[in-house]
Amino acid sequence: MGAHVHGAAQLLVAVDHDHVDVLLQSPSYNVVGFEHFARHEADEALLLEAEEKLLAAEYVFQLASAANCSLDDVDLVSEQLAEMRGEEFEVHYHEHGHDDHGHDDHGHDDHGHDDHGHDDHGHDDHGHDDHGHDDHGHDDHGHDDHGHDDHGHDDHSSDDHGERSVHTEFNLEYRFHCDNIGALNGLEVTAFDNFPGFESVDVQWIVNGQQGAARTQPGSRSVQF
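Sequence positions in the sequence shown follow UniProt numbering and run 1 to 225.
Written as structure tokens, this is what we have:
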């Protein structure tokens, strides 16, 4: 669905009879302003607020009102939320018991976040044991609290430049039922108003056998199919 670029996101729309599937892929930076795992309560509060908004769909996009679409199901995958809750990597929501979304194929394992995103970051390879650092209090860096609390990195150093490079995302699949699918002629991206980091959202769609694409931005957020 595209490269991991701060400020950019992808939205895919597919219509099947009277159902609409919408897939969102976005770096966590766009949604909460950071990509590291929660370090303190303020981070956790931001993640929970973002989760609530993402699940509501209307804070991300709105389908053409004339189509009279209702949200049947939403499936959310987030490394940050999973790690915060001590879950196995992914968080799934099935509003009506749908189990066939196939999110195991998103390819997140390539980010090296297995087992909550810490095992593969290479901390054992930094040579601390060989340089006598054990005597300088490095055991007190707070690794028990996800390894982030006391390093003093700002939001971007750990995400983009530091030794603990983390690139996390929010991936969502929404499914709607529309009473008047023939009137589904477009959507409006509302994420620009509700999240801190969205600068552009590339929308691709397959509707009535036609496909197309458009880039939305804060000043141009409506898409006509």
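The C-beta atom is built at its ideal place from N, Cα and C for all residues, glycine as well. No experiment lies behind these values; they were computed from the predicted model shown.
Do S28 and Q80 have their CB atoms nearer than 8 Å?
yes
So L54 and L187 are supposed to be a Cβ contact under 8 Å. How far apart are they, rounded?
About 16 Å separates the two Cβ atoms, so there is no contact after all.
Comparing alpha-carbon positions, which option in H6, E44, V20 and Q10 lies nearest L184?
The residue from H6, E44, V20 and Q10 with its alpha-carbon nearest to that of L184 is V20.
With A56 as the anchor, note down where its alpha helix (DSSP H) starts and where it stops.
E41 to A56
The beta strand (DSSP E) spanning D166 covers which residue range?
Note that residue 166 is Val in the sequence shown here, rather than Asp. Counting along the chain, V166 falls outside any beta strand (DSSP E), and DSSP gives it neither H nor E.
Based on the DSSP secondary-structure assignment, which residues constitute the bridge partners of V5?
DSSP output for V5 lists no bridge partner at all.
Assuming A67 and I181 make a contact with CB atoms under 8 Å, what is their CB distance in whole Å?
Yes, A67 and I181 are in contact; Cβ-Cβ is about 6 Å, under 8 Å.
Could you check the C-alpha separation between V166 and Q10 for me, to the nearest Å?
20 Å
Quick check on D43: buried or exposed, where buried means 16 or more other Cβ atoms within 10 Å of its Cβ?
buried
Indicate whether V31 and A50 have their beta-carbon atoms separated by less than 8 Å.
yes
CA-CA distance, S222 and E87?
37 Å
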